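S.K.: Residue numbers (our numbering), protein chains in the order written: chain P, 25 to 352; chain G, 25 to 352; chain W, 25 to 352; chain A, 25 to 352.
Don't be surprised by glycine CBs; every beta carbon is placed ideally from N, CA and C.
Model, not experiment: these values are computed from the prediction.
Number of protein chains: 4
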Amino acid sequence: MAAVLRGSRSLLGKWHNHVASVQVSRSMASKTQVGFIGLGNMGNPMAKNLIKHGYPVIATDIFPESCKELQELGAQILDTPADVADKADRIITMLPSSPNVIDVYTGSNGILKKVKKGSLLIDSSTIDPAVSKEMAVAAEKMGAVFMDAPVSGGVGAATSGKLTFMVGGAEEEFTAAKELLSCMGANVMYCGQVGTGQAAKICNNMLLAIGMIGTAETMNLGIRLGLDPKLLAKILNMSSGRCWSSDTYNPVPGVMEGVPSANNYQGGFGTTLMAKDLGLAQNTATNTKTSVPLGSLAHQIYRMMCARGYASKDFSSVFQFLREEEGQ
Amino acid sequence: MAAVLRGSRSLLGKWHNHVASVQVSRSMASKTQVGFIGLGNMGNPMAKNLIKHGYPVIATDIFPESCKELQELGAQILDTPADVADKADRIITMLPSSPNVIDVYTGSNGILKKVKKGSLLIDSSTIDPAVSKEMAVAAEKMGAVFMDAPVSGGVGAATSGKLTFMVGGAEEEFTAAKELLSCMGANVMYCGQVGTGQAAKICNNMLLAIGMIGTAETMNLGIRLGLDPKLLAKILNMSSGRCWSSDTYNPVPGVMEGVPSANNYQGGFGTTLMAKDLGLAQNTATNTKTSVPLGSLAHQIYRMMCARGYASKDFSSVFQFLREEEGQ
Amino acid sequence: MAAVLRGSRSLLGKWHNHVASVQVSRSMASKTQVGFIGLGNMGNPMAKNLIKHGYPVIATDIFPESCKELQELGAQILDTPADVADKADRIITMLPSSPNVIDVYTGSNGILKKVKKGSLLIDSSTIDPAVSKEMAVAAEKMGAVFMDAPVSGGVGAATSGKLTFMVGGAEEEFTAAKELLSCMGANVMYCGQVGTGQAAKICNNMLLAIGMIGTAETMNLGIRLGLDPKLLAKILNMSSGRCWSSDTYNPVPGVMEGVPSANNYQGGFGTTLMAKDLGLAQNTATNTKTSVPLGSLAHQIYRMMCARGYASKDFSSVFQFLREEEGQ
Amino acid sequence: MAAVLRGSRSLLGKWHNHVASVQVSRSMASKTQVGFIGLGNMGNPMAKNLIKHGYPVIATDIFPESCKELQELGAQILDTPADVADKADRIITMLPSSPNVIDVYTGSNGILKKVKKGSLLIDSSTIDPAVSKEMAVAAEKMGAVFMDAPVSGGVGAATSGKLTFMVGGAEEEFTAAKELLSCMGANVMYCGQVGTGQAAKICNNMLLAIGMIGTAETMNLGIRLGLDPKLLAKILNMSSGRCWSSDTYNPVPGVMEGVPSANNYQGGFGTTLMAKDLGLAQNTATNTKTSVPLGSLAHQIYRMMCARGYASKDFSSVFQFLREEEGQ
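(1) Can you name, in chain order, every residue of its own chain whose Cβ lies under 6 Å from the Cβ of residue 193 of chain G, other than the five neighbours on each side?
(2) Applying a beta-carbon distance threshold of less than 7 Å, which residues of chain P neighbour residue 303 of chain A?
(3) For residue 214 of chain G, which residues does DSSP report across the bridge?
(4) Taking Cβ positions only, does residue 346 of chain P come closer than 8 Å to chain W?
(5) Any beta-carbon of chain W closer than 8 Å to the one on residue 337 of chain G?
(6) Roughly how many angstroms separate the alpha carbons of residue 81 of chain G and residue 106 of chain G, rounded to a whole number?
(7) In this structure, what does DSSP give as the bridge partners for residue 116 of chain P?
(8) Starting from residue 130 of chain P, trace the alpha helix (DSSP H) both ways and give me its first and last residue.
(9) Does any CB atom of chain W fall closer than 8 Å to the CB of residue 277 of chain A?
(10) Can you pull the chain G residues whose beta carbon is under 7 Å from the beta carbon of residue 328 of chain W, in chain order?
(11) Which partner residues does residue 83 of chain G have in the DSSP bridge list?
(12) Would residue 68 of chain W be called buried (16 or more neighbouring beta carbons within 10 Å of its own) or exposed?
(13) For residue 217 of chain W, go through chain A and note every residue whose CB falls closer than 9 Å to its CB, in chain order.
(14) For residue 210 of chain G, count the other beta carbons within 10 Å of its own beta carbon; 16 or more makes it buried, fewer makes it exposed. Which is it?
(15) By Cβ distance below 7 Å, which residues in the same chain neighbour residue 291 of chain P in space, the five residues on each side in sequence not counted?
(16) What residue does the alpha helix (DSSP H) around residue 343 of chain G start on, and which one ends it?
(17) What separation, rounded to the nearest whole angstrom, lies between the Cα atoms of residue 100 of chain A and residue 83 of chain A?
(18) Whose Cβ in chain W lies nearer than 9 Å to the Cβ of residue 230 of chain A?
(19) From the DSSP output, in three-state form, read off residue 161 of chain G for me.
(20) In three-state DSSP terms, what is residue 52 of chain W?
(21) How many Å lie between residue 328 of chain A and residue 315 of chain P at the Cα?
(22) Which residues in the same chain as residue 62 of chain G place their Cβ atom closer than 7 Å to its Cβ, once the five residues preceding and following it in sequence are excluded?
(23) Near residue 246 of chain W, what residues of its chain come up, given a Cβ to Cβ distance below 8 Å and the 5 sequence neighbours on each side ignored?
(24) Please list, in chain order, the residues of the segment 187-217 of chain W that have any C-beta partner in chain A closer than 8 Å.
(25) Any Cβ of chain P within less than 8 Å of the Cβ of residue 1 of chain A?
(26) Taking only the alpha-carbon atoms, compute the straight-line gap between residue 296 of chain P and residue 326 of chain P and give it to the nearest angstrom.
(27) Rounding to the nearest angstrom, what Cα-Cα distance links residue 220 of chain W and residue 201 of chain A in this structure?
(28) Identify the contact partners of residue 331 of chain W in chain G, using a Cβ-Cβ distance below 7 Å as the criterion.
(29) Below 8 Å between beta carbons: does that hold for residue 322 of chain W and residue 226 of chain W?
(30) What's the call for residue 320 of chain P, buried or exposed, on a 16-neighbour Cβ count within 10 Å?
(31) Whole angstroms are fine: how far does the CA of residue 123 of chain P sit from the CA of residue 115 of chain A?
(32) Between residue 340 of chain W and residue 243 of chain W, which are expected to be in contact by the criterion C-beta below 8 Å, what is the C-beta distance as a whole number of angstroms?
(33) Does residue 147 of chain A pass the burial test, meaning 16 or more other C-beta atoms within 10 Å, or should it be called exposed?
(34) So, helix, strand or coil for residue 209 of chain P, using DSSP?
(35) Would you say residue 308 of chain W and residue 88 of chain W are within 8 Å of each other, going by their C-beta atoms?
(36) Taking Cβ to Cβ, would you say residue 191 of chain G is nearer than 8 Å to residue 163 of chain G?
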């Protein structure tokens with residue numbers, strides 16, 4: 025895949041200079057129309073933040089009702105991704121999974137059917153980096169530039185414009201991408217070639233899942249051994265056991281306030297979403313022949329939780345899942 | 025066990041008042057002799073710090089050569105733990121594992137053979153909390169007080185007096201224990217009843233092991249996916265994947281300086297010691313019927329590493345263990 | 025431990041000759057009284073089979089009501105293990121776990137308080153082999169012989185006298201033990217020195233648990249991939265995936281008749297008992313520094329199942345546990 | 025995918041009747057030319073067996089030297105899969121992995137470029153069942169029939185014509201497929217719709233891997249606990265721990281003869297191949313949201329082994345991998 029990518033790039037070298045000059049004009053064209061495809065829980069507040077920053081938004085979603093709120097805020101709503109690509113040369117996509125991305129870009133009504141030469145296409149979905157690379161190759165064939173820019177931070181961060189974007193793609197395009205992404209996020213990190221944004225996101229979430237399950241196991245064991253949970257959290261957090269799940273998002277009810285464990289594991293980051301991201305991590309590990317024993321087991325545990333009724337609870341509910349039920 | 029402990033305590037209630045008064049005089053008796061048993065890599069610098077703080081030390085070790093350095097610093101060296109207990113009413117023990125502790129306390133030449141009533145016995149070994157509880161019961165029968173006070177921090181922290189002590193035992197004895205432990209450590213944490221010091225230590229190290237293996241897997245996967253390791257560490261450390269192993273003790277050579285990964289995994293905390301602590305975690309989890317899937321797998325991975333030649337390398341060498349060898 | 029055992033044996037060499045002669049007379053004393061301690065679900069039918077074979081039984085149990093049925097069949101019921109040992113020189117014990125065994129043998133009313141020199145003590149409990157070895161040393165000090173003889177096969181096999189006994193202990197005592205055990209079992213296997221009976225039992229059950237969970241995962245995956253479960257079982261059973269759990273005790277409802285999966289996972293071998301045996305396997309693995317990654321994960325999975333309401337279901341219900349719930 | 029498949033089938037219903045009649049003539053056309061693509065370690069002896077049974081073979085392989093031996097036996101060698109499809113209406117493919125299959129079928133010189141209407145295309149590669157389904161859809165569009173028919177049994181079975189074929193595809197085509205496959209295998213099993221042959225193969229190998237690692241762990245633990253390995257194997261094999269890896273392919277040197285463990289783990293089924301199959305199992309499990317905790321860990325263990333120098337050893341060498349090295 026990488027070889028193919030490099031090959032096609034060198035073949036398209038001459039054309040690339042042309043894109044570079046187009047890019048400049050695109051970058052100068054700030055505050056001209058921006059396309060937005062995918063108005064779900066995350067896409068909706070993200071598109072609103074673009075509007076707040078003065079960008080005219082042209083949007084579409086397969087569920088027309090998702091578009092109403094944005095339409096009332098002045099966005100123009102079109103029927104298909106192809107229609108959006110026909111009008112805007114900067115497009116952001118925010119979709120649930122790889123097949124949706126493939127369809128929105130390369131489907132019969134997809135972006136690439138009508139994309140303008142020199143367009144900047146930014147995908148903020150969390151998907152397999154191999155798919156990001158395929159989309160980049162397909163976009164390049166049409167004279168467009170594709171970047172992957174998945175986010176960390178949930179609906180709250182999307183609403184407040186405090187997302188973190190991890191961006192992969194040609195470095196010379198990063199400035200143009202950052203101009204838009206900064207309207208929606210507090211951090212915009214350049215990670216490297218196409219797919220590395222996804223890679224960074226997937227890596228972070230795999231380590232997050234491991235840390236969360238590890239924290240849940242550890243807190244549960246400590247409580248069984250007679251330790252007060254608040255005290256144990258304090259000791260861990262000043263020691264080498266410290267991690268984000270122990271000091272910022274502790275999974276044990278009563279240890280911290282303002283986290284899902286304090287609210288019956290409602291809100292936050294759903295177990296089913298974590299299971300999906302761990303599936304991506306597993307796929308990339310398998311494809312690159314990388315050993316990820318804890319990551320793999322974390323995936324299986326979140327998968328089991330989905331099967332046992334925890335699908336929509338926050339992923340910190342693994343503490344509840346592991347803890348023995350009363351009366352046993 | 026717990027029931028037995030409670031039972032014997034109430035039976036010994038009257039006697040306990042007597043101990044309390046003895047304790048006061050002991051606490052006032054600062055700078056009188058302190059016993060120290062176990063002069064290994066950790067015990068040696070710990071005992072030296074007691075001497076530095078002006079305490080006359082009476083010591084013993086099964087390896088006589090271990091005692092020489094301390095003897096030159098003015099410590100009195102005796103033959104057996106019983107002999108030490110005959111002379112000192114405050115004794116610290118620092119031993120490799122549970123069987124050694126059982127032997128040093130309850131063996132034929134053990135502390136309890138000659139322990140003085142009201143003595144304070146502090147065990148800084150890392151052992152099974154169930155053994156700590158047994159020792160406490162045995163000590164109480166002889167009119168002495170036993171506390172568990174395992175440490176975190178390695179030989180370096182022991183030398184510089186910067187250890188962290190996690191202390192379990194009767195709360196009214198904590199002040200007396202802290203007076204001594206403060207000579208050897210920067211933090212002295214009270215954790216609860218006897219055994220909770222061990223519990224806190226074991227819990228921390230289990231989560232540490234999980235975080236370290238998780239970090240190693242994640243960094244390896246990220247590198248395979250094309251990410252620069254320093255950049256990946258930076259992203260993790262500002263995100264929810266952050267943990268002590270990613271931000272303070274990164275296992276990937278070249279990411280940080282002054283850590284074992286920068287020195288071919290020499291020094292630090294040996295894989296064999298981590299495997300031992302994870303074995304303790306596993307035992308306590310099994311005994312309390314607690315699910316610790318990641319902790320259990322971490323144990324198995326460190327056990328495999330011991331079998332594959334990593335026993336004496338720092339435990340962050342799991343990165344090297346998981347990473348595919350060149351040329352394959 | 026082994027060294028200690030060998031040491032004490034050589035010290036007791038002279039005495040051992042004496043035991044040997046006693047042993048002969050004991051073996052000849054067939055159909056004289058046999059002690060039986062522990063009349064639970066397994067012990068009760070086992071003791072009955074001894075009576076059926078013409079042995080006068082002297083029994084005891086901590087729950088007096090457990091003794092009634094046996095008393096009606098002619099057994100003499102005494103108050104304590106010590107009382108039984110005072111009357112019978114061949115005693116079988118069948119108890120739930122290690123602490124019970126320690127208490128029944130070495131407690132204040134235990135067998136060893138009144139055991140006759142030359143007595144044969146056979147423990148059919150499933151416990152830690154290290155405890156078996158301790159009991160053997162303690163028995164030897166009193167001039168008695170201890171053997172471990174755990175069983176495979178459940179209540180049904182106990183009732184029909186079709187148990188398998190795995191026997192550890194001095195080989196010269198095996199004939200005498202087999203005489204009694206053959207009344208209760210179809211197979212009596214000599215495994216080696218004291219503790220190896222337990223070792224064989226624990227090893228078998230660890231591999232059984234791994235095979236069962238593996239079969240459950242595999243059948244579930246195959247069904248999801250569109251295979252008919254009966255056909256998949258047939259293919260596995262004629263291929264290298266074949267195991268006892270796939271061909272004799274298939275966990276998928278509808279594949280076989282006469283197994284717990286055909287009866288809502290009632291009867292059979294309870295999840296909580298499997299979790300206990302896997303805990304023993306884990307302990308022995310930890311103590312011998314043996315890597316058992318799948319055994320360890322199997323333990324954790326059965327422990328999770330106990331916490332999620334599967335404690336009393338047959339251990340093949342792991343298929344149900346792993347299978348995604350309807351409607352998700 | 026399934027929906028698409030069903031859709032296209034009903035659209036092509038009329039055409040299918042036509043195929044049925046073609047199929048009859050194809051089946052009657054026995055001993056006419058058969059195409060064979062992929063003459064590696066497995067494909068070579070398979071193609072020879074077709075020749076032995078009197079079939080004229082038309083073959084190709086990307087490595088021309090692989091074709092020489094077959095050419096000497098009378099096979100016609102062509103340049104590309106398209107050329108083969110132009111001449112033969114029954115074609116068997118035997119390729120290393122999914123990308124090769126995709127290329128050989130749908131590439132620019134692929135079978136489908138020149139496939140005759142009504143041709144029967146049988147793929148014996150072990151690949152992702154989702155890819156098999158894609159190939160079936162693509163073949164159907166060209167009026168051809170695709171079946172997946174992966175094998176179990178290695179080079180030895182391929183040479184002696186004793187392979188087992190697990191066949192997925194339209195049931196009415198099975199007779200025609202079986203006619204050819206019977207020349208190369210002793211068992212030809214019909215598994216169901218397209219992809220179920222792969223599913224059966226993957227399921228079997230996942231359970232095989234779990235059983236093998238479980239057997240290796242168990243034998244190692246038993247040996248550490250003092251059991252003779254032959255005795256332990258005997259006990260397991262008459263008990264519920266029995267599995268193919270314990271009774272037919274025991275991984276412990278000295279327990280059985282004629283297996284790789286008796287020959288320094290040479291020959292047999294390479295660790296790297298097992299790791300590949302477990303990767304397929306992992307992918308299908310992830311895609312179908314199926315929990316496979318032991319299968320997943322088995323995958324990781326074989327992946328670790330590949331990284332530690334075991335890639336080309338038989339997969340039973342996991343016993344050696346887990347066993348602690350001498351002198352530690």
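M.R.: According to the structure shown:
(1) Numbered from 1 along the second sequence, position 169 holds the residue referred to as residue 193 of chain G. Here the set comprises 171, 218.
(2) On the fourth sequence, position 279 is the one that residue 303 of chain A refers to. Listed along chain P, the residues sitting closer than 7 Å to residue 303 of chain A by beta-carbon distance are 310.
(3) In the second sequence, residue 214 of chain G corresponds to position 190, counting from 1. Under DSSP, residue 214 of chain G shares a beta bridge with G/191.
(4) Position 322 of the first sequence, counted from the start, is the residue given in the question as residue 346 of chain P. Interface residue, yes.
(5) As a first step, residue 337 of chain G must be located in the second sequence, where it is residue number 313. So, not an interface residue.
(6) Looking up residue 81 of chain G in the second sequence gives position 57. Looking up residue 106 of chain G in the second sequence gives position 82. Taking the straight line joining both Cα atoms gives about 15 Å.
(7) To locate residue 116 of chain P, count along the first sequence from 1; it is residue 92. Its beta-bridge partners are P/60, P/146.
(8) Numbered from its first residue, the first sequence carries residue 130 of chain P at position 106. Boundaries of the alpha helix (DSSP H) harbouring residue 130 of chain P: 122-130, taken from the DSSP string.
(9) Locating residue 277 of chain A in the fourth sequence gives position 253, where the first residue counts as 1. Cβ-Cβ to chain W under 8 Å: no for residue 277 of chain A.
(10) Within the third sequence, numbered from 1, the residue matching residue 328 of chain W stands at position 304. By Cβ distance, chain G contributes 315.
(11) In the second sequence, the residue the question calls residue 83 of chain G occupies position 59. DSSP lists G/60, G/101 as the bridge partner or partners of residue 83 of chain G.
(12) Locating residue 68 of chain W in the third sequence gives position 44, where the first residue counts as 1. Buried, because 16 or more other Cβ atoms sit within 10 Å of the Cβ of residue 68 of chain W.
(13) Mapped onto the third sequence, residue 217 of chain W falls at position 193. For residue 217 of chain W, the neighbours in chain A by C-beta distance under 9 Å run, in chain order, 250.
(14) Looking up residue 210 of chain G in the second sequence gives position 186. So residue 210 of chain G counts as exposed.
(15) Residue mapping note: residue 291 of chain P aligns to position 267 of the first sequence, counting from 1. 284, 338.
(16) Start at 1 with the first residue of the second sequence, and residue 343 of chain G comes out as number 319. 342-346 is the span of the alpha helix (DSSP H), which, as asked, contains residue 343 of chain G.
(17) For the purposes of this step, residue 100 of chain A is taken as residue 76 along the fourth sequence, with counting starting at 1. For the purposes of this step, residue 83 of chain A is taken as residue 59 along the fourth sequence, with counting starting at 1. Distance between the alpha carbons of residue 100 of chain A and residue 83 of chain A is about 6 Å.
(18) On the fourth sequence, residue 230 of chain A is found 206 positions in, with the first residue counted as 1. 238, 241, 242, 245, 265, listed in chain order.
(19) Sequence index remark: in the second sequence, residue 161 of chain G carries index 137 (1-based). Helix at residue 161 of chain G.
(20) Locating residue 52 of chain W in the third sequence gives position 28, counting from the first residue. For residue 52 of chain W, the pLDDT reaches just 49, beneath the cut-off of 50, and the residue's location in the model is therefore unreliable, although a value from the coordinates is still provided. Residue 52 of chain W falls in the helix class under three-state DSSP.
(21) Mapped onto the fourth sequence, residue 328 of chain A falls at position 304. Mapped onto the first sequence, residue 315 of chain P falls at position 291. If I take the Cα positions, the gap works out to 6 Å.
(22) Reading the second sequence from its first residue, position 38 is the one you call residue 62 of chain G. Result list for residue 62 of chain G: 85, 117, 118, 119, in chain order.
(23) The residue labelled residue 246 of chain W in the question sits at position 222 within the third sequence. Taken in chain order, the residues that qualify are 253, 256.
(24) Residues 188, 190, 211, 213, 215, 216, 217.
(25) Nothing in the structure corresponds to residue 1 of chain A, since chain A is present only between 25 and 352.
(26) Reading the first sequence from its first residue, position 272 is the one you call residue 296 of chain P. Reading the first sequence from its first residue, position 302 is the one you call residue 326 of chain P. Distance between the alpha carbons of residue 296 of chain P and residue 326 of chain P: 7 Å.
(27) Translated into the one-based positions of the third sequence, residue 220 of chain W becomes position 196. Translated into the one-based positions of the fourth sequence, residue 201 of chain A becomes position 177. Taking the straight line from one Cα to the other gives about 53 Å.
(28) Against the third sequence, residue 331 of chain W aligns to sequence position 307. The answer, in chain order, is 315.
(29) Looking up residue 322 of chain W in the third sequence gives position 298. Looking up residue 226 of chain W in the third sequence gives position 202. Not a contact, by the Cβ cut-off of 8 Å.
(30) Within the first sequence, residue 320 of chain P is the residue found at index 296, counting from 1. So residue 320 of chain P ends up on the buried side.
(31) By one-based count along the fourth sequence, residue 115 of chain A stands at place 91. By one-based count along the first sequence, residue 123 of chain P stands at place 99. Distance between the alpha carbons of residue 115 of chain A and residue 123 of chain P: 32 Å.
(32) The count along the third sequence starts at 1 and reaches residue 340 of chain W at position 316. The count along the third sequence starts at 1 and reaches residue 243 of chain W at position 219. With a Cβ gap of about 11 Å, residue 340 of chain W and residue 243 of chain W do not count as contacting.
(33) Residue numbering aside, residue 147 of chain A sits at position 123 when the fourth sequence is read from its first letter. Flag for residue 147 of chain A reads buried.
(34) Residue 209 of chain P sits at position 185 when you count from the first residue of the first sequence. In this structure, residue 209 of chain P counts as strand in the three-state DSSP scheme.
(35) Looking up residue 308 of chain W in the third sequence gives position 284. Looking up residue 88 of chain W in the third sequence gives position 64. Not in contact: residue 308 of chain W and residue 88 of chain W (Cβ atoms no closer than 8 Å).
(36) Here residue 191 of chain G is taken as the residue at index 167 of the second sequence, counted from 1. Here residue 163 of chain G is taken as the residue at index 139 of the second sequence, counted from 1. Against a cut-off of 8 Å, the Cβ pair of residue 163 of chain G and residue 191 of chain G comes out as no contact.
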